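Enquirer: In this note's numbering, the protein residues as written are 1 to 314. Below: one structure in structure tokens.
Right, dumping it as structure tokens:
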């Protein structure tokens, strides 16, 4: 398997869609105020469909009796990532610290690993099922945690944020699989949900490209120093520290690969939209995201190649 080629193709694919988003806004094919509607469409419709179909089509409680261990490993990963974020966030200037911390912590834990694992092992690999189970609670966590970086968290329990469309789709899909009634869902419904879910990444990347186009038009500030610091920490230090931890705790090779990929991927593609929702510096987060994506062309193959020295991939 050619890890360099697989990762390079994955990142180029995502960035290529972003370029189209940049161009359609530059040429005014899509109006500026339409980007918000597209982001809501991606987050509130397409993403829930993607999560639902992944679980319904790939998860089998009978074939994976120890599936419950995978979400626990996600909790371990999240705890360590939070500790690293808490230490490294102070490298950033005070004015950009919230965006810096949020971009370090909220990673692209599904789309990037999904594309890389598919390229490495194929679409029927058990690694993909493990990834979906590992990430079961991440969408609900993501939708609930990002406002707290900007002091927008609710003092009361916000049930709408907890029971968001992604979380609800996750629970419904799990109930269907445990009840073993997925065969009763009409094929046409599954096809519709699959097609809607397939829009998630293209929509998000189009919106990111469009937002970057608007930043260029406004001639916004380029945070070059902060970008360099962010890429060094996110793309290199994070995965190297996680590799050191893996060498100490020695999990199974499958778990180790999932944790390694989670630590090495760029920020989640929806981050600029989240930042805009809570009044943060969307331009800065866009720049962090694009810089980390581009750096991933080199950084992910390097850290995964280093990983295979200690945890052979079979």
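All C-beta atoms in this analysis are idealised placements derived from N, C-alpha and C, irrespective of residue type, glycine included. Every value quoted in this text rests on a predicted model; they were computed, and no experiment measured them.
1. Return the first residue and the last residue of the alpha helix (DSSP H) that residue 276 is part of.
2. Tell whether a beta-carbon distance below 7 Å holds between residue 292 and residue 272.
3. Where does the unbroken alpha helix (DSSP H) through residue 287 begin, and where does it stop?
4. To the nearest angstrom, report how far apart residue 318 and residue 21 are at their CA atoms.
5. Who are the Cβ neighbours of residue 71 in its own chain at under 8 Å, not counting the five residues just before and after it?
6. Across the region 198-208 and the region 173-180, are there enough close Cβ pairs to call them in contact, namely three or more that are closer than 8 Å?
7. Who does residue 267 pair with in a DSSP beta bridge?
8. Exposed or buried, what is residue 247 when buried is set at 16 or more other beta-carbons lying within 10 Å of its beta-carbon?
9. Can at least three beta-carbon pairs, one atom from the region 91-110 and one from the region 218-234, be found at a separation below 8 Å?
10. With respect to 6 Å, is the separation between the Cβ of residue 306 and the closest non-hydrogen atom of the ligand MN below this value?
11. Just the C-alpha distance for residue 296 and residue 17, rounded to the nearest angstrom, thanks.
12. Taking the alpha-carbon positions, what's the residue 361 to residue 287 distance?
13. Quick check on residue 32: buried or exposed, where buried means 16 or more other Cβ atoms within 10 Å of its Cβ?
14. Please state if the CB of residue 163 and the CB of residue 253 are separated by a distance shorter than 7 Å.
15. Relative to the alpha-carbon of residue 98, which residue among 307, 299 and 285 has its alpha-carbon at the smallest distance?
16. Should the region 34-45 be regarded as contacting the region 179-191, the criterion being three or more beta carbon pairs within less than 8 Å?
17. According to the Cβ coordinates, are residue 197 and residue 50 closer than 7 Å?
18. Got a sec? Which residues, its chain only, sit under 6 Å from residue 115 by beta carbon, not counting five neighbours each side?
19. Just how far apart, CA to CA, sit residue 192 and residue 277?
20. Please look up how many angstroms separate the CB atoms of residue 130 and residue 52, rounded, as I've assumed it's under 8 Å.
21. What are the boundary residues of the alpha helix (DSSP H) that residue 64 is part of?
22. Determine whether the beta carbon atoms of residue 167 and residue 140 lie at a separation below 7 Å.
23. Along the chain, which unbroken stretches of the alpha helix (DSSP H) at least 4 residues long are found entirely within the region 178-214?
24. With the cut-off set at 7 Å, would you say residue 88 and residue 233 are in Cβ contact?
25. By a C-beta neighbour count over all protein chains shown, 10 Å radius and 16 as the cutoff for buried, is residue 178 buried or exposed?
26. Could you pull out every residue in the same chain whose Cβ sits closer than 6 Å to the Cβ of residue 328, ignoring the five residues on either side in sequence?
27. Excluding the 5 residues preceding and the 5 following residue 26 in the sequence, name in chain order all residues of the same chain whose CB lies nearer than 7 Å to its CB.
28. Sort 289, 250, 194 and 251 by Cα distance to residue 229 and report the nearest one.
29. Kindly list the residues whose CB is nearer than 8 Å to the CB of residue 269, restricted to its own chain and excluding five residues on each side of it in sequence; keep chain order.
30. In this structure, how does DSSP classify residue 99 when only helix, strand and coil are distinguished?
Expert: Quick answer:
1. Judged by DSSP secondary structure, residue 276 falls within the alpha helix (DSSP H) whose first and last residues are 271-277.
2. Cβ atoms of residue 292 and residue 272: not closer than 7 Å.
3. 282-310
4. Residue 318 lies beyond the stretch modelled for the chain, which goes from 1 to 314, so this question has no answer here.
5. 133, 134, 136 and 137
6. no
7. For residue 267, the pairing in a beta bridge is given by DSSP as 107.
8. Around the beta-carbon of residue 247, fewer than 16 other beta-carbon atoms lie within 10 Å, marking it exposed.
9. With a cut-off of 8 Å, the region 218-234 and the region 91-110 count as touching, because enough Cβ pairs lie within range.
10. Judged by which ligands are present, the structure shown has none, so any question about the ligand MN falls away.
11. 16 Å
12. The requested residue 361 does not occur in the structure, where the chain is confined to residues 1 to 314.
13. Exposed is the label assigned to residue 32, since fewer than 16 other Cβ atoms lie within 10 Å of its Cβ.
14. no
15. 285
16. No, the region 34-45 does not touch the region 179-191.
17. yes
18. 10
19. Straight-line spacing of the CA atoms in residue 192 and residue 277 works out to 29 Å.
20. Taking a contact as a CB-CB distance under 8 Å, the pair residue 130 and residue 52 does not count as one, their CB atoms being some 18 Å apart.
21. For residue 64, there is no enclosing alpha helix (DSSP H), since its DSSP letter is neither H nor E.
22. yes
23. 187-197
24. yes
25. exposed
26. It is not possible to answer for residue 328, since the shown part of the chain is limited to 1 through 314.
27. Within its own chain, the residues whose Cβ lies closer than 7 Å to the Cβ of residue 26, once the five positions on either side in sequence are excluded, are 213, listed in chain order.
28. 289
29. 14, 108, 111, 201, 204, 205, 208 and 289.
30. helix
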